[in-house]
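K.L.:
Shown below is the structure under consideration.
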Amino acid sequence: MLRKSALFAVAAGLAMAVASHGAEAAAKIKIGFLPGVVDPFYQVMQLGVEAAAKDLVIDVVTQIPPTWGVDAETPILDAMVARGDLNYIITAPVDRDQMVGPLKAAADAGIKVVTVDTFLGDGDYVNGPVKFPLSYIGSDNTEGGRIAARGLAKAIGGKGTVYINSTNPNVSSVEGREKGFKEAMAKDYPNIKVLGPDYNLDDPNKAAQQTAAVLQRNPDLAGVFGTNVFSAQGAGTAVVNAGLGGHVQVVAYDATKLAIELMDKGVVTLVLAQKPFDMGYMAVQFAAADAAGVTSLPRRVETGFAIIDKNNVKDPAIARFIYSVPGK
Amino acid sequence: MTDRGSRIALPAGAAPSAGETPTQRLALLLSRIWAWLFLALMVLFFVVAVPLASGGAVNFLTIRNSQNILVAIIPVLLLGLGQTFVIISAGIDLSVGWVMSLGSVLSALGLRWAFNSGAPLFPAVVVGLIAGVAGAAVVGFVNGVIIAKLKVPAFIVTLGTSFIVRGVAYLMSENTTVIGLPAGIRAYGNDAVLYYIHGEGGGLYFLNRPDVGGDLLRRMDTILPYPVIATAFVVAYAMFLLGKTQFGRHTYAIGGGMEAAVRTGIPVDRHIIKVYALSAATAGIAGFLSTLRFTAGSAVIGDPLLLSSIAAVIIGGVSMFGGAGTVTGTVIGALIVAVLTTGLVMLNVEAFWQFIVVGTVVIVAVLIDQSRDLITGRQRGGPAT
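Keeping their order, the protein sequence lines are chains A and B. No gaps in the numbering here: position 173 of the first sequence is 172 in numbering that gives the first Met the number 0, and each next residue is one more. No gaps in the numbering here: position 355 of the second sequence is 354 in numbering that gives the first Met the number 0, and each next residue is one more.
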């Protein structure tokens, strides 16, 4: 767990370590980047990876699974390992238990693993059950869930029924958000009833359907928490389609352009932006630092949030965290 | 991909091949072996292109890569095996994807229950296997009964049961991955018959995974993991069943013409039930092996594989009209799909291209299948599904 100041120190130290080994540090390493699925969050992460690769002059091989699941991620991972020319793999494991085996096999083959956004086991690579990855770089999703809960509770006046729409079970990131959300509600807002989570398997259409069904069953539903890109998208769309925009408050995790649009329309109250660019950039830096001989890399880096609401969405210091990819 | 199955002689106009010209014979030969040729050409392409694209850093024909491909084809191949029998009998089984998921969930639950009740590891694994396969076979049995006795088209029945099975799989897994399985099963799902360590200090190890670390571990290749061996046995048995037994002959007969089969005294209804139970059972095995590999049961693992399994079967030469095809063909079809995916990743081309290529190859396969009869002027028959 790092505070912001410590984070700066680490980043500065890294930059110096890598720069000072400058000449031979392009210790010609090759990195594989294997995110979870095609979506704006990972696309911004890819921008971060590519920016760092350019700055540090490192080759990156990128493959993005077409769907979210171990059946899609594992064959691509295996093929990347079989290439034989990768030194590091930066990946978002799509299941915190099932991906342990395949990623351990990659580590056994000599490829060091950095996990971004999601973790393996319990995320504690020092004392936890899974110890082989180099580091876990991602948001504190449990805290993010708590922030979402408090934001939603405030927006609905501290009482009512709310609903969680999520993506996949056993995925560390959304699990953390659900947990944090429920914890904060149970502790601080006992008058709020929490429904769900339903799992939309990362399909915004399903998210919309599920949310629409809940809206029908609970005509007095006060709020919805969409735990990631597609959940927030689908849930927000369902609220708009039901004509309840502005009456049902939506909190969206992940700042896609659509989420921001919905916020402008008054459908979404609060958007939590993660920092995928940071995750991607730092992961590449960590790989370069490790290759250059640094042994004191933190095993856990929290990348923080930007909390966006209609008051600060126009502020460029905040708006820069909206997930946008040039040309899309 | 040779037509070893007996195509029942069809009414009027179905003369044997006496009068084919050499060109026709060549065309027929090509139409039978085109999948082999395509696979060979594809492998050749990747063997040449991958080192070129990576500046000599990456090679396609490595031990590790070949083993990856073998492991990658297991689920598609197992689903395809059952599907082969079903499609040869002029049916289709759209439920195999979700049945595999159900198999994965049931074997995980069964394994966990047995182990937590005090059973040692191996019997617990056996319990898991039985739970997964038996549960799957029940679904297949139900499919077969409705198709055979109630005469509902297979397409509709299996589509319906696929939804039901999906719900059951979610319910039984309580909407999450089934975890908490004993760590020892990872060895069953991932250990192998042979281990080979390249270079210095290396060697070939039989059955016992060498307990090494560091550089030696890095140079170790796992050859023929247990799931590959298990799948090989299932494939061999399926080949025997289809090609050499009465069960196989009856399957071809039913696919070639339902009425003719009934008239020759084949117990068609019972046979259809067995075929669908078999199809579901192979899906159950696939689910069980997946649970071992990932040490968890997953209710969503089978869904994307259904269409790939059908594609593999069609590319392999099984006719959608029934009555023709072999297990070997399905193996080739599954290999084509897996080699393609692996090769594209090694070429660092976006994996999405695999979908475009596979779809194209499927259409080509069907065209070639249809053209075979144009070449010989034979009448095509067999009931529509």
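Every residue, glycine too, gets a C-beta built ideally from N, C-alpha and C.
1. Are the stretch 210 to 228 of chain A and the stretch 248 to 265 of chain A touching, with three or more C-beta to C-beta distances below 8 Å?
2. Based on the DSSP output, what are the partners of Y195 of chain B in its beta bridges?
3. Tell me, please, whether the CB atom of Q97 of chain A is closer than 9 Å to any CB atom in chain B?
4. Short check: CB of G150 of chain A to CB of D308 of chain A, under 9 Å?
5. If you compare alpha carbons, which of B:G188, B:N174 and B:M257 is closest to P224 of chain B?
6. Hey, is L46 of chain A's beta-carbon within less than 9 Å of any beta-carbon in chain B?
7. Taking C-alpha atoms, which residue in A:D314, A:S171, A:V48 and A:I163 lies nearest to V193 of chain A?
8. Tell whether a beta-carbon distance below 9 Å holds between S138 of chain A and F285 of chain A.
9. 9 Å is my cut-off, CB to CB: does G200 of chain B come that close to chain A?
10. Taking C-alpha atoms, which residue in A:D123, A:V129, A:Q45 and A:P39 lies nearest to P101 of chain A?
11. On the criterion of 16 or more Cβ atoms from any shown chain inside 10 Å, does V49 of chain B qualify as buried, or is it exposed?
12. Tell me which residues share the same chain as I313 of chain B and place their Cβ nearer than 6 Å to its Cβ, disregarding the 5 neighbours each side in the sequence.
13. Count the other C-beta atoms from every protein chain shown that fall within 10 angstroms of the C-beta of V46 of chain B, then say buried if there are 16 or more, exposed otherwise.
14. Just mark Q97 of chain A as buried or exposed, buried being the case when its beta carbon has 16 or more other beta carbons within 10 Å.
15. Quick check for students: name the residue ranges of the alpha helix (DSSP H) that lie wholly in the stretch 112 to 136 of chain A, counting only runs of 4 or more.
16. Roughly how many angstroms lie between the CA atoms of G328 of chain B and D201 of chain A, to the nearest whole one?
17. For R216 of chain A, would you say it is in contact with chain B, using Cβ-to-Cβ distances shorter than 9 Å as the test?
18. Sort B:F59, B:S30 and B:L36 by Cα distance to L346 of chain B and report the nearest one.
19. To be precise: take each residue of the stretch 156 to 190 of chain B, compare its Cβ to all Cβ atoms of chain A, and keep it if any distance is under 8 Å. Which residues remain?
20. Chain A beta carbons: is any one of them nearer than 9 Å to that of L51 of chain B?
21. Should the stretch 260 to 277 of chain A be regarded as contacting the stretch 319 to 326 of chain A, the criterion being three or more beta carbon pairs within less than 8 Å?
22. Using a Cβ-Cβ cut-off of less than 7 Å, give me the residues of the stretch 160 to 194 of chain A that come near chain B, in sequence order.
23. From the DSSP output, read off the bridge partner residues of K192 of chain A.
24. Check for me: the beta strand (DSSP E) holding Y87 of chain A runs from which residue to which?
25. Could you name the residues of chain A that P303 of chain B contacts, counting a contact when the two beta carbons are closer than 8 Å?
26. Under three-state DSSP, which class holds E301 of chain A?
27. Below 6 Å CB to CB, which residues in the same chain sit around T176 of chain B once its five sequence neighbours on both sides are set aside?
28. Using only CA atoms, which one of A:D123, A:G143 and A:D263 lies nearest to P297 of chain A?
29. List the residues of chain B that D94 of chain A touches, going by C-beta distances under 7 Å, in chain order.
30. Can you find a C-beta in chain A that's less than 9 Å from the C-beta of V227 of chain B?
31. Between which residues of its own chain and A8 of chain B is the CB-CB distance below 7 Å, once the five residues before and five after are set aside?
32. Considering only C-alpha positions, which residue in the set B:T244, B:N174 and B:T83 is nearest to I309 of chain B?
33. Does T340 of chain B come within less than 9 Å of chain A when only Cβ atoms are used?
34. Select from the stretch 200 to 212 of chain A all residues with a C-beta closer than 9 Å to any C-beta belonging to chain B, and list them in chain order.
35. So, at 7 Å on beta carbons, what are the nonlocal neighbours of V312 of chain A in its own chain, with the 5 sequence-adjacent residues on each side left out?
36. Please state the DSSP three-state secondary structure of S165 of chain A.
P.N.:
Concretely, from the data shown:
1. Yes, the stretch 210 to 228 of chain A touches the stretch 248 to 265 of chain A.
2. Looking up residue 195 of chain B in the second sequence gives position 196. Secondary-structure assignment with DSSP links Y195 of chain B through a beta bridge to B:L203 and B:D220.
3. Sequence index remark: in the first sequence, residue 97 of chain A carries index 98 (1-based). Chain B, which has a Cβ nearer than 9 Å to the Cβ of Q97 of chain A, makes this yes.
4. Residue numbering aside, residue 150 of chain A sits at position 151 when the first sequence is read from its first letter. Residue numbering aside, residue 308 of chain A sits at position 309 when the first sequence is read from its first letter. In contact: G150 of chain A and D308 of chain A (Cβ atoms closer than 9 Å).
5. In the second sequence, the residue the question calls residue 224 of chain B occupies position 225. A check of alpha carbon separations from P224 of chain B across B:G188, B:N174 and B:M257 identifies B:G188 as the nearest.
6. By one-based count along the first sequence, residue 46 of chain A stands at place 47. Look at L46 of chain A: its C-beta is not under 9 Å from any C-beta on chain B.
7. As a working note, residue 193 of chain A is residue 194 in the first sequence. Per the Cα distances, A:I163.
8. Counting from one through the first sequence, the residue named residue 138 of chain A turns up at place 139. Counting from one through the first sequence, the residue named residue 285 of chain A turns up at place 286. Not in contact: S138 of chain A and F285 of chain A (Cβ atoms no closer than 9 Å).
9. Residue numbering aside, residue 200 of chain B sits at position 201 when the second sequence is read from its first letter. So no, G200 of chain B is outside the interface.
10. One-based indexing of the first sequence puts residue 101 of chain A at position 102. Selected option, being the one with the closest Cα: A:V129.
11. Walking along the second sequence from the start, residue 49 of chain B turns up at place 50. With 16 or more Cβ atoms within 10 Å of its Cβ, V49 of chain B is classed as buried.
12. Taking the first residue of the second sequence as 1, we reach residue 313 of chain B at position 314. Counting only Cβ-Cβ distances below 6 Å, and skipping sequence neighbours, we find V361 and A364.
13. The residue given as residue 46 of chain B occupies position 47 in the second sequence. Classification of V46 of chain B: exposed, given that the 10 Å Cβ count is below 16.
14. As a position in the first sequence, residue 97 of chain A is number 98, starting the count at 1. Under a 10 Å Cβ-count criterion, Q97 of chain A is classified as buried, with 16 or more other Cβ atoms of the shown protein chains found around its own Cβ.
15. Runs found: none.
16. On the second sequence, residue 328 of chain B is found 329 positions in, with the first residue counted as 1. On the first sequence, residue 201 of chain A is found 202 positions in, with the first residue counted as 1. Cα to Cα, G328 of chain B sits roughly 35 Å from D201 of chain A.
17. As a first step, residue 216 of chain A must be located in the first sequence, where it is residue number 217. By this cut-off, R216 of chain A is not an interface position.
18. Reading the second sequence from its first residue, position 347 is the one you call residue 346 of chain B. It is B:F59 whose Cα lies nearest to the Cα of L346 of chain B.
19. The stretch 156 to 190 of chain B vs chain A, Cβ under 8 Å: N174, T175, T176, I178, R185, G188 and N189.
20. Within the second sequence, residue 51 of chain B is the residue found at index 52, counting from 1. Chain A, which has no Cβ nearer than 9 Å to the Cβ of L51 of chain B, makes this no.
21. Three or more pairs of CB atoms, one per stretch, sit closer than 8 Å, so the stretch 260 to 277 of chain A contacts the stretch 319 to 326 of chain A.
22. Against chain B - using a Cβ distance shorter than 7 Å - the residues of the stretch 160 to 194 of chain A are P168 and N169.
23. By one-based count along the first sequence, residue 192 of chain A stands at place 193. Secondary-structure assignment with DSSP links K192 of chain A through a beta bridge to A:T160.
24. On the first sequence, residue 87 of chain A is found 88 positions in, with the first residue counted as 1. Taken as a continuous stretch (DSSP letters only), the beta strand (DSSP E) holding Y87 of chain A covers Y87 to T90.
25. Locating residue 303 of chain B in the second sequence gives position 304, where the first residue counts as 1. Contacts between P303 of chain B and chain A, judged by CB atoms closer than 8 Å, involve T66, G68, D70 and A71 in chain order.
26. Residue mapping note: residue 301 of chain A aligns to position 302 of the first sequence, counting from 1. Of the three classes helix, strand and coil, the one that applies to E301 of chain A here is strand, per DSSP.
27. Mapped onto the second sequence, residue 176 of chain B falls at position 177. These residues qualify, in order along the chain: A295 and S297.
28. Taking the first sequence and counting its residues from 1, the one referred to as residue 297 of chain A is at position 298. Checking every option, the nearest Cα to that of P297 of chain A belongs to A:D123.
29. Locating residue 94 of chain A in the first sequence gives position 95, counting from the first residue. Simply T176.
30. Taking the first residue of the second sequence as position 1, residue 227 of chain B is located at position 228. Chain A, which has no Cβ nearer than 9 Å to the Cβ of V227 of chain B, makes this no.
31. In the second sequence, counting from the first residue as 1, residue 8 of chain B sits at position 9. Because the pLDDT of A8 of chain B is 42, which lies under 50, any placement of that residue in the model is unreliable, and the number read from its coordinates should be weighed accordingly. Taken in chain order, the list of residues that qualify is empty.
32. Locating residue 309 of chain B in the second sequence gives position 310, where the first residue counts as 1. Nearest of B:T244, B:N174 and B:T83 to I309 of chain B, Cα basis: B:T83.
33. Your numbering for residue 340 of chain B matches position 341 in the second sequence. Closer than 9 Å to some Cβ of chain A, the Cβ of T340 of chain B qualifies, so yes.
34. Those residues of the stretch 200 to 212 of chain A that come within reach of chain B (Cβ to Cβ, closer than 9 Å) are L200.
35. Within the first sequence, numbered from 1, the residue matching residue 312 of chain A stands at position 313. Counting only Cβ-Cβ distances below 7 Å, and skipping sequence neighbours, we find I259, M262 and A318.
36. Numbered from 1 along the first sequence, position 166 holds the residue referred to as residue 165 of chain A. In the structure shown, S165 of chain A sits in a strand (DSSP, three-state: E or B).
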